[in-house]
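For the sequence shown, this note's numbering gives the first residue as 2, with consecutive numbering after it. We treat Cβ as the ideally placed atom computed from N, Cα and C, and that holds for glycine. On a predicted model such as this, the values are computed, not experimentally measured, just so you know. As structure tokens, the structure follows; a few thoughts come after it.
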Amino acid sequence: MDQKVLVLNGDYTAITLCSVQKAFVLLFLDKAEMIAKSDHGVLRTISHAYPKPSIIRLQRYVRVPYKGIALSRHNIMKRDHFECQYCGSTKNLTLDHVLPRSRGGESSWTNLLTACARCNHAKGHRTPPEAGLTIRQVPKKPTLSGFLRLSAGTIDQNWHPYLTN
Numbered sequence: 002m003d004q005k006v007l008v009l010n011g012d013y014t015a016i017t018l019c020s021v022q023k024a025f026v027l028l029f030l031d032k033a034e035m036i037a038k039s040d041h042g043v044l045r046t047i048s049h050a051y052p053k054p055s056i057i058r059l060q061r062y063v064r065v066p067y068k069g070i071a072l073s074r075h076n077i078m079k080r081d082h083f084e085c086q087y088c089g090s091t092k093n094l095t096l097d098h099v100l101p102r103s104r105g106g107e108s109s110w111t112n113l114l115t116a117c118a119r120c121n122h123a124k125g126h127r128t129p130p131e132a133g134l135t136i137r138q139v140p141k142k143p144t145l146s147g148f149l150r151l152s153a154g155t156i157d158q159n160w161h162p163y164l165t166n
């Protein structure tokens, strides 16, 4: 039951992921409708078996004030797949400013990336080219649909039309 369910707004735009239990409650209370069923089992009660949802759509449009994805250590590491963007290591991870703060670099999606302690120390107060390092993936702000893909772990095939961006 640790599977995720894609939640669509009334206009069929993806807004979040939720647990199968939460999705079932929304369906049971008629606050949502099932768009796609999961291929992985059913939900059983004493007298009934219900298909497990994969995608649900809220019956009413919910105005969601989009503030963007929060800039946090965990979200940056998630974006970078929890690996050093210089050498690919997954141990002793830290955050690194591409343009060092000592040179006016700010903490933003485009200036922060995941680096192992060894690479971060070797880079010091220099830019990656000055330190002889190459960045594997240029840091950028993730989109909501891209971030939902990262958060889900495994993606149900039914989700692809709704997570394009």
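Worksheet item: In terms of alpha-carbon separation, which member of Gly89, Gln60, Arg45 lies closest to Lys53?
Response: To locate residue 53, count along the sequence shown from 1; it is residue 52. Closest option to Lys53, Cα to Cα, is Arg45.
Discussion item. Spatial neighbours of Arg80 within its chain, please: C-beta separation below 6 Å, excluding the five flanking residues on both sides.
Written reply: Translated into positions along the sequence shown, residue 80 becomes position 79. Residues of the same chain with a CB within less than 6 Å of the CB of Arg80, apart from the 5 flanking positions on each side, are Pro143 in chain order.
Worksheet entry | Coarse secondary structure for Ile77, derived from DSSP in three states | Position 76 of the sequence shown holds residue 77. Helix, per DSSP.
Item to complete: Return the first residue and the last residue of the beta strand (DSSP E) that Glu34 is part of.
Response: The residue given as residue 34 occupies position 33 in the sequence shown. Going by DSSP, Glu34 is part of the beta strand (DSSP E) stretching over 33 to 45.
Worksheet item: For the stretch 111 to 119 against the stretch 85 to 100, are there 3 or more C-beta pairs whose distance is under 8 Å?
Response: Touching, yes, given that three or more Cβ pairs across the two stretches are closer than 8 Å.
Discussion item. Need the endpoints of the beta strand (DSSP E) that Lys53 sits in, please.
Written reply: Within the sequence shown, numbered from 1, the residue matching residue 53 stands at position 52. Start and end: 50 to 59.
Worksheet entry | Nonlocal neighbours in the same chain, by C-beta distance under 7 Å from Ala153, ignoring five residues either side | Taking the sequence shown and counting its residues from 1, one reaches residue 153 at position 152. Taking C-beta separations shorter than 7 Å and ignoring five residues to either side along the sequence, the partners of Ala153 in its chain run Lys5, Leu18, following chain order.
Item to complete: With a 10 Å radius around its C-beta and 16 neighbouring C-beta atoms as the bar for buried, classify His82 as buried or exposed.
Response: Taking the sequence shown and counting its residues from 1, the one referred to as residue 82 is at position 81. Result: exposed.
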